[in-house]
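Q:
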Amino acid sequence: MTNDKVVLRVENLKKSFGDNEVLKGVSFEMKEGETKVIIGPSGTGKSTLLACINMLVSPNDGRIWLENEEITSAKNINKIRQEIGFVFQDFGLFNHLTALRNVMVGLTKVKKMEKSAAKDLAMEELKRVGLEKEAELYPAQLSGGQKQRVGIARALAMQPKIILFDEPTSALDPELIGEVLSVMKNLAESGMTMLVVTHEMGFARTVSDEIIFMEHGHIVEQSSPEEMFKNPKNPRTKEFLFKLNELYGE
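Position one of the sequence shown corresponds to residue 39 (this note's numbering), numbered consecutively onward.
1) Is Thr-86 helix, strand or coil when you go by DSSP?
2) Residues in its own chain within less than 8 Å of Leu-180 by CB, not counting five upstream and five downstream?
3) How long is the line joining the alpha carbons of Met-196 and Ile-122, rounded to whole angstroms?
4) Let me check understanding here. Comparing Cα to Cα, which of Glu-174, Ile-190, Asp-247, Lys-150 lies closest to Val-221?
5) For Phe-251 and Val-143, I'd like the C-alpha separation in whole angstroms.
6) Using CA atoms only, rank isn't needed, just tell me which of Lys-52, Asn-41, Gly-83, Pro-79 is closest to Met-68.
7) For Ile-18, which residues does DSSP report across the bridge?
8) Candidates Gln-186, Ile-201, Thr-231, Leu-194: which alpha carbon is nearest Gly-8's?
9) Of the choices Leu-169, Val-60, Gln-184, Pro-97, whose alpha-carbon is the least far from that of Glu-213?
10) Please report the Cβ distance between Glu-277 and Ser-262, rounded to the nearest whole angstrom; I am assuming they are in contact, meaning their Cβ atoms lie under 8 Å.
11) For the putative contact between Gln-127 and Val-148, defined by C-beta atoms under 8 Å, what is the C-beta separation to the nearest angstrom?
12) Please report the distance separating the alpha-carbon of Glu-288 from that of Ala-242.
13) Would you identify the three-state DSSP class for Phe-129, choosing helix, strand or coil?
14) Go to Asn-140, then tell me how far its alpha helix (DSSP H) extends in each direction, as first and last residue.
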């Protein structure tokens, strides 16, 4: 469901923490309705890349655009962040708020929406992720999969131009992973623009429009899922996928 409208453009992005250069000139772009999946070994800069895109971490060099607005030089970064959803691996919910209130809080506090309208929209998004019956439950009463689905509903409620997912299933028990991936698959099919860091190769293979393989702060290879899994060009990509296949049987 992609079109030619470019939603996100990353150009020569670099980030260091002290002497540790984590991102070493990363460039790519995403079109509206596209799902891109970033894979690669741990510690290779994938999560840092997402944090830079949302400006939770400031890059040392390079430029990022959301549609026609350059994020890296923007004065109104909080306004831009409203248009970039972020789903964290550790859920990031407020424990003292119900599922409904967790989804509403950004709408009322950030978007200054009236409570009744915010409640209606929050319920709509909870229903979209299959949690309308759990709306009045607190995070402690929810499973890990349900918490993550609340996190997705919260991101959706802000009506973002793109959603970033940082290993959204890594904190879940194996039997709960499927319910989160199913919601993400439905979002991809509905045309949501999504950039996903994950080790879930089944999801990457069946849902993504393109896969990016990163290592040591570089993009080593990027191609369609079919090309990546059947005919990877780089020897390091082949080795990584072979090891994953041995480990997970994928």
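Just so it is clear, CB atoms sit at the ideal spot from N, CA and C, and this is done for glycine as well.
A: Quick look at the numbers:
1) helix
2) Ala-137, Glu-172, Val-188
3) Going by the C-alpha atoms only, they are around 9 Å apart.
4) Ile-190
5) 35 Å
6) Asn-41
7) As displayed, the chain neither begins before 39 nor continues past 288, which places residue 18 out of reach and without an answer.
8) Any property of residue 8 remains undetermined from this structure, which presents the chain solely from 39 to 288.
9) Gln-184
10) In fact, because the Cβ distance is near 20 Å, the residues do not count as touching under 8 Å.
11) Gln-127 to Val-148, Cβ: 22 Å. No contact.
12) Low confidence applies here, because Glu-288 scores a pLDDT of 49, under 50, leaving its location unreliable; read the following figure in that light. Going from the Cα of Glu-288 to the Cα of Ala-242 covers about 11 Å.
13) coil
14) From DSSP, the alpha helix (DSSP H) with Asn-140 extends over 137 to 147.
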